[in-house]
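Chemist: Start counting the sequence shown at 5; every next residue gets the next number (my numbering).
All residues carry an ideal CB built from backbone N, CA and C; glycine is no exception.
Please read these numbers as outputs of a predicted model, since none were measured by experiment.
This is the structure I want to talk about, given as structure tokens.
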Amino acid sequence: MSNQNELSEQIYHSLYRIRRVEEEVARVYPTDKIKSPVHLSIGQEAVAVGVCKALQPEDVVFGTYRSHAAYLAKGGNLNSMVAELYGKATGCSKGKGGSMHLIDVAHNIMGTSAVVGTTIANSIGYAYALKCQRKSAVVVSFFGDGATDEGVWHESMNFASLKGLPILFICENNRYAIHTHQLQRQPLDNLCDRARAYGIPSERIEDGDVFTIYTKTQEAVRSLRTGDAGPIFLECMTYRLKEHVGPGDDYHMGYRTKSDAEPWIENDAVQKVGALLPEKVRQQIEVEIEAEIKAAFEFAESSPFPELSELFTDTYKS
Ligand SMILES: Cc1ncc(C[n+]2csc(CCOP(=O)(O)OP(=O)(O)O)c2C)c(N)n1
Ligand SMILES: [Mg+2]
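Structural data, given as structure tokens:
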């Protein structure tokens, strides 16, 4: 098999798996078995998949509350993720964190957070430690366009650039912070210039193409590993097809229209990459994934809730 065919299969596997997990989350959600708010990435999968495909297992990722895709694309355990959404003791945060607090240290997924921008500072600290230890691993910090309005983003960009940290900033620019368009929040439509103001090489990927995102990440990571470059900023344009939080559509709310979404629906990565594969290969991948997802939801359903005695463990007080 050619390398390109193999790559397409692997990328389709990851894209289809994430899409179907989230569709299943959306299907189950109204039953109230899922105990946490869910910020779905349906429509945005190509970013996490393209980026994580270019990483090595020792590379480290930090995400946001919308990080099912990054968690799964980086190799996070599916059973533990679904159990976490169900609030079960077998979840990756022992059922206490929910969808917004995913972690899988064994796969170097160092955490996601409900508070916008917080993991950016965490990722800077991790990258600083890697640099001090002269490790070849790199850190990827995922965040949305809204996070670039936070003070912590600016401080983090400044510090990372000053120290030449081995970190790749991935901005998933879906244009909205909840219901507010980027241009209602920012005078300029250019996040790359914001990063350049801190001396960080920056590039925007306009069309959301998963292979372009993969290739650009590969190039970035290659130069970050040498220890001479860093940090690097990639702005990946994308589109959230579901409501900000929850399983539904929200075109009726008036802050955006279905026609805004149409170019992205036509350009859907899951469909596009699926169409590159021979029918039989595609079906085989899909059958395998459907079985895996069914088993993960069964695992979550049959897992116990945390014991009452767990209520005050893993909590912090000053
Ligand atoms: C510090 C902080 N301020 C505000 C909020 C409320 N909030 C939750 S999501 C969000 C929008 C963030 O948008 P963006 O970073 O673009 O991410 P997206 O939801 O589009 O993936 C806001 C303002 C929060 N969680 N944390
Ligand atoms: Mg956004």
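With distances taken between CB atoms, is the gap from Ile174 to Val142 smaller than 8 angstroms?
Modeler: Residue numbering aside, residue 174 sits at position 170 when the sequence shown is read from its first letter. Residue numbering aside, residue 142 sits at position 138 when the sequence shown is read from its first letter. Contact: no.
Chemist: Rounded to whole angstroms, what's the CA-CA distance from Val64 to Met114? Just pull it up for me.
Modeler: Counting from 1 along the sequence shown, the entry for residue 64 is found at position 60. Counting from 1 along the sequence shown, the entry for residue 114 is found at position 110. Cα-Cα distance, rounded: 7 angstroms.
Chemist: Less than 8 angstroms between the CB atoms is what I'm expecting for Glu176 and Val29, so what's the real figure, rounded?
Modeler: For the purposes of this step, residue 176 is taken as residue 172 along the sequence shown, with counting starting at 1. For the purposes of this step, residue 29 is taken as residue 25 along the sequence shown, with counting starting at 1. So it is not a contact: roughly 18 angstroms between Cβ atoms.
Chemist: Does the beta carbon of Ala265 fall short of 7 angstroms from some heavy atom of ligand 2?
Modeler: Sequence index remark: in the sequence shown, residue 265 carries index 261 (1-based). Ala265 Cβ: outside cutoff for every heavy atom of ligand 2.
Chemist: So, using beta-carbon positions, are Ala164 and Ala131 closer together than 8 angstroms?
Modeler: For this step, residue 164 is matched to residue 160 along the sequence shown. For this step, residue 131 is matched to residue 127 along the sequence shown. Cβ atoms of Ala164 and Ala131: closer than 8 angstroms.
Chemist: Leaving out five residues before and five after Ile204 in sequence, what residues of the same chain have Cβ atoms less than 8 angstroms from its Cβ?
Modeler: Counted from its first residue, the sequence shown places residue 204 at position 200. Excluding positions up to five away in sequence, the list reads Met161, Ala164, Ser165, Phe173, Pro235, Ile236 and Phe237.
Chemist: Distance check for Gln48 and Tyr243, CA to CA, integer angstroms please.
Modeler: Start at 1 with the first residue of the sequence shown, and residue 243 comes out as number 239. Start at 1 with the first residue of the sequence shown, and residue 48 comes out as number 44. In a straight line, the C-alpha of Tyr243 is about 6 angstroms away from that of Gln48.
Chemist: Is Phe147 near ligand 1, with its Cβ less than 7 angstroms from a heavy atom?
Modeler: As a first step, residue 147 must be located in the sequence shown, where it is residue number 143. Yes, the Cβ of Phe147 comes within 7 angstroms of a heavy atom of ligand 1.
Chemist: Which residues in the same chain have their Cβ closer than 6 angstroms to the Cβ of Leu44, if we skip the five residues on either side of it in sequence?
Modeler: Taking the sequence shown and counting its residues from 1, one reaches residue 44 at position 40. Within the same chain, Leu44 has close Cβ partners Glu26 and Lys246.
Chemist: Please go through the same chain and pick out, in chain order, the residues whose beta-carbon is closer than 7 angstroms to the beta-carbon of Leu187, but skip the five residues on each side of it.
Modeler: Residue numbering aside, residue 187 sits at position 183 when the sequence shown is read from its first letter. Cβ within range, chain order: Asp193.
Chemist: Take Gln60 as the anchor and find which of Gln275, Gln222, His72 and Val274 has the nearest alpha-carbon.
Modeler: Taking the first residue of the sequence shown as position 1, residue 60 is located at position 56. The candidate whose alpha carbon is nearest that of Gln60 is Gln222.
Chemist: What residues match up with Gly4 in a beta bridge as DSSP calls it?
Modeler: In the structure displayed, the chain extends from 5 to 322; residue 4 sits before or after that span and is not available.
Chemist: Confirm the yes/no value for this check: CB of Tyr180, any heavy atom of ligand 2, distance under 7 angstroms.
Modeler: Reading the sequence shown from its first residue, position 176 is the one you call residue 180. Under cutoff, so the answer is yes.
Chemist: On the three-state DSSP scale, how would you describe Ile22?
Modeler: By one-based count along the sequence shown, residue 22 stands at place 18. The answer is helix: DSSP assigns Ile22 an H, G or I state.
Chemist: Is the beta carbon of Lys92 sitting closer than 8 angstroms to the one on Phe309?
Modeler: Within the sequence shown, residue 92 is the residue found at index 88, counting from 1. Within the sequence shown, residue 309 is the residue found at index 305, counting from 1. Yes, the pair counts as a contact, with Cβ atoms nearer than the cut-off.
Chemist: Taking buried to mean at least 16 other C-beta atoms within 10 Å of its own C-beta, is Ala299 buried or exposed?
Modeler: In the sequence shown, residue 299 corresponds to position 295, counting from 1. It is exposed - the Cβ of Ala299 has fewer than 16 other Cβ atoms within 10 Å.
Chemist: Give a yes or no on contact between the segment 137-151 and the segment 97-105, applying the rule of three or more CB pairs nearer than 8 angstroms.
Modeler: With a cut-off of 8 angstroms, the segment 97-105 and the segment 137-151 do not count as touching, because too few Cβ pairs lie within range.
Chemist: Taking the C-alpha atoms as reference points, what is the distance between Gln288 and Ser227?
Modeler: Residue mapping note: residue 288 aligns to position 284 of the sequence shown, counting from 1. Residue mapping note: residue 227 aligns to position 223 of the sequence shown, counting from 1. Those two C-alpha atoms are separated by around 36 angstroms.
Chemist: Skipping 5 residues on each side, what residues in its chain have a beta carbon closer than 6 angstroms to that of Ala224?
Modeler: If you number the sequence shown from 1, residue 224 lands on position 220. Cβ neighbours of Ala224 beyond the five flanking positions: Leu172 and Ile236.
Chemist: Are Ala279 and Leu19 close, meaning C-beta to C-beta below 8 angstroms?
Modeler: Along the sequence shown, one-based indexing puts residue 279 at 275. Along the sequence shown, one-based indexing puts residue 19 at 15. Result no, Cβ atoms of Ala279 and Leu19 do not sit closer than 8 angstroms.
Chemist: Might you give, ordered along the chain, the residues of its own chain that have their beta carbon closer than 6 angstroms to the beta carbon of Gly168, omitting 5 neighbours on each side?
Modeler: Along the sequence shown, read from residue 1 onward, the residue named residue 168 stands at position 164. Excluding sequence neighbours, Gly168 sits near Gly234.
Chemist: Return the bridge partner residues of Phe173 from the DSSP annotation.
Modeler: Counted from its first residue, the sequence shown places residue 173 at position 169. For Phe173, which the question treats as bridged, DSSP gives the partners Ser145 and Phe237.
Chemist: Whose CA, out of Ser12, Gly150 and Asp213, lies closest to the CA of Trp268?
Modeler: If you number the sequence shown from 1, residue 268 lands on position 264. Among Ser12, Gly150 and Asp213, the Cα nearest to that of Trp268 belongs to Asp213.
Chemist: Decide if Asp149 is buried, meaning its Cβ has at least 16 other Cβ atoms within 10 Å, or exposed.
Modeler: Counting from one through the sequence shown, the residue named residue 149 turns up at place 145. Asp149 should be labelled buried.
Chemist: Rounding to the nearest angstrom, what Cα-Cα distance links Gly79 and Cys240 in this structure?
Modeler: Along the sequence shown, read from residue 1 onward, the residue named residue 79 stands at position 75. Along the sequence shown, read from residue 1 onward, the residue named residue 240 stands at position 236. Rounded to the nearest angstrom, the two C-alpha atoms are 21 angstroms apart.
Chemist: Identify, in the order they occur along the chain, each residue of the same chain with its Cβ nearer than 8 angstroms to the Cβ of Val156, setting aside the five sequence neighbours on each side.
Modeler: As a working mapping, residue 156 is identified with position 152 in the sequence shown. Counting only Cβ-Cβ distances below 8 angstroms, and skipping sequence neighbours, we find Gly121, Thr122, Ile124 and Ala125.
Chemist: Could you check if Ser317 belongs to the surroundings of ligand 1, using beta carbon to heavy atom distance under 7 angstroms?
Modeler: Along the sequence shown, read from residue 1 onward, the residue named residue 317 stands at position 313. Before going further, note that residue 317 is Thr rather than Ser in the sequence given. Answer for Thr317: no, Cβ out of range of ligand 1.
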